[in-house]
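Residue numbers (my numbering): 1 to 243.
Beta carbons: idealized from backbone N, C-alpha and C, even for Gly.
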Amino acid sequence: MSSDEKDKNALTEKEMSAFMSGSLAADEQDALLNDEHKRAEVADLILMDALLQETAVRFNCASPDILLNFETGMLSTEDTKTWVSHIENCTHCQQEIKQLQQIEDISFTQSKTGSWLDTLQVAGRELLWALEISISQPQLVLRGEITKSWSYAVGPYQIVLAVEAIPGEDEYVQLEGQLLQEEMPVDLTAVSINLYSKNEIVAEGKGDPFGMFSLNMLKPGQFTLHIQLPNNKSLIIETIHIK
Ligand SMILES: [Zn+2]
């Protein structure tokens, strides 16, 4: 096999940036989505993008560099004075520390000297690699302000679910998830995803080509999730408790 042939499934940097900036032509996008390896890579990219954006919007919070140093006891005395009460009282920062702990082992040592954005970008790249070799890890713990996450596996399918807060909304939450089949994202654009409570549909999900779906505006309660696949199979998750 020539090396050209071997690499033909890898997403090129040009495709990557065109996709993320939305400048990919419709036929190019179709071609990309029809290639399951490229589709998987794009799914990873979207996760990384979500991670970066989520962090970037917290202007008042400590940067990942500060959180990492705080958590490892390497923060200067002066910075500790500035940040300690914020970090100890801020759920965002607490959550961020938990998330950073998961990627710290593989990324912290090599990115310590860079800016916080570099740190995250390096972490993101390392994270993609980590996910590639162990995709059954609950990837969605890295998205948004997660209050709880679960992962399930049945036959060739893996599902990750996460309850996520809606910014500025106290009463409702959203449920996000990703469906994989043999470690590749399942195209959910034509798949019906319904959430039931006491045999009634309370929310209909929207899925994307990267196996990700979300169900919005949920109140606390007990639910059953039905995912109707094109092959006439249904995936059903019973007793999802949202508090
Ligand atoms: Zn904070």
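Residue i versus the options, residue with shortest Cα-Cα distance
| i | options | result |
| --- | --- | --- |
| E182 | K14, A10, L215, A40 | A40 |
| P185 | F213, Q174, I166 | F213 |
| Q94 | E71, T82, L75 | E71 |
| K206 | Q174, I46, L68 | Q174 |
| G221 | A62, L179, L235, A203 | A203 |
| A153 | I166, L179, E169 | L179 |
| D79 | D65, N89, C90 | D65 |
| A31 | P209, N232, E200, S85 | P209 |
| H86 | S63, Q99, M74 | S63 |
| M20 | L33, A26, E88, V42 | V42 |
| G177 | T77, E200, Y157 | Y157 |
| I46 | T82, K198, G22 | G22 |
| I237 | W150, S76, A10 | W150 |
| S197 | L33, T239, A18 | T239 |
| D35 | A25, A10, A26, A18 | A10 |
Beta-carbon separation (whole angstroms), residue i vs residue j, contact threshold 8 angstroms
| i | j | result |
| --- | --- | --- |
| L188 | G211 | 6 angstroms |
| L215 | I242 | With 8 angstroms as the limit, L215 and I242 do not qualify as a contact, their Cβ atoms being about 10 angstroms apart. |
| H92 | C61 | 5 angstroms |
| I67 | E96 | The question names Ile, but residue 67 in the sequence shown is Leu. Sure, about 5 angstroms apart at Cβ, within 8 angstroms. |
For residue i, three-class secondary structure by DSSP
| i | result |
| --- | --- |
| K243 | coil |
| T189 | coil |
| T224 | strand |
| K14 | helix |
| E183 | coil |
| M74 | coil |
| L235 | strand |
| D35 | coil |
| L117 | Note that L117 scores a pLDDT of 44, beneath 50, so its modelled location is shaky and nothing firm can be said. |
| S214 | strand |
| L229 | coil |
| L24 | coil |
| N194 | strand |
| D65 | helix |
| F19 | helix |
| K206 | strand |
Touching by the beta-carbon criterion (3+ pairs, under 8 angstroms), the region 222-234 and the region 192-207: yes
Does the region 12-21 touch the region 161-172, meaning 3 or more C-beta pairs lie closer than 8 angstroms? no
Beta carbon nearer than 5 angstroms to a non-hydrogen atom of ligand 1: C61, C90, H92, C93
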